[in-house]
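Residue numbers (this note's numbering): 269 to 474.
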């Protein structure tokens, strides 16, 4: 092969190798005026604080919640849900309660419930004191009915009311509140006439 041919071959090889090399990355286009403005505004924003866990938020909300003005301070601090606390010879006995405030709620009561654990009940709150009469229509579980005067004194207890009966049940003494609890609960925990009841987180119990 002549020298000029070899030179042409070398030039062709060099051109081929140059074409196989990867081209340098293209530079990004300059930002548009709108993008530049948005980046500038984002840079001026103060950094966001780290997210607070949900549990800490809930705890803070509980801590800021005002105490129920109708409850003694020590009860409001101990209980976060509507609670009736009986002062018995054995000490304080709390019952967490659902509230029956409206005529519709009071007519429904504990109908069709199949279970009510100890320490829970339903508190019926009436506008004023009167002899309160209850029955057990469509009520599937045995209940005690604790009648409480406006001053927080238990005035009588209907014990172990029989389920699904229409017998009128009353204690014959005016009461403003009636607390329904599981049958036999009152006797087991020493709650009867003369026992004092106090209310925590029950605005209507005044």
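Glycine included, C-beta positions come from ideal geometry on N, C-alpha and C.
| Asked | Found |
| --- | --- |
| Cut-off 8 Å between Cβ atoms - residues of its own chain near residue 367, not counting five sequence neighbours on either side | 350, 373, 390, 391, 393, 470, 472 |
| DSSP three-state assignment for residue 376, whether helix, strand or coil | helix |
| Residue closest to residue 439, alpha-carbon to alpha-carbon, out of 363, 426, 420, 385 | 426 |
| Residue burial classification, residue 399 (beta-carbon count within 10 angstroms, cutoff 16) | exposed |
| Member of 395, 442, 379 whose CA lies at the smallest distance from the CA of residue 411 | 379 |
| Cut-off 8 Å between Cβ atoms - residues of its own chain near residue 422, not counting five sequence neighbours on either side | 354, 414, 415, 416, 459, 460, 461, 462, 463, 464, 465 |
| Local Cβ density within 10 Å of residue 396, reported as buried at 16 or more and exposed below that | exposed |
| Residue 478 versus residue 404: straight-line alpha-carbon distance, rounded | Past the boundaries of the shown model lies residue 478; the chain is included only from 269 to 474, so the question cannot be answered. |
| Alpha-carbon to alpha-carbon, residue 447 and residue 430 | 16 Å |
| Cβ-based neighbour list, residue 454, same chain, cut-off 7 Å, excluding 5 preceding and 5 following | 412, 414, 425, 427, 460 |
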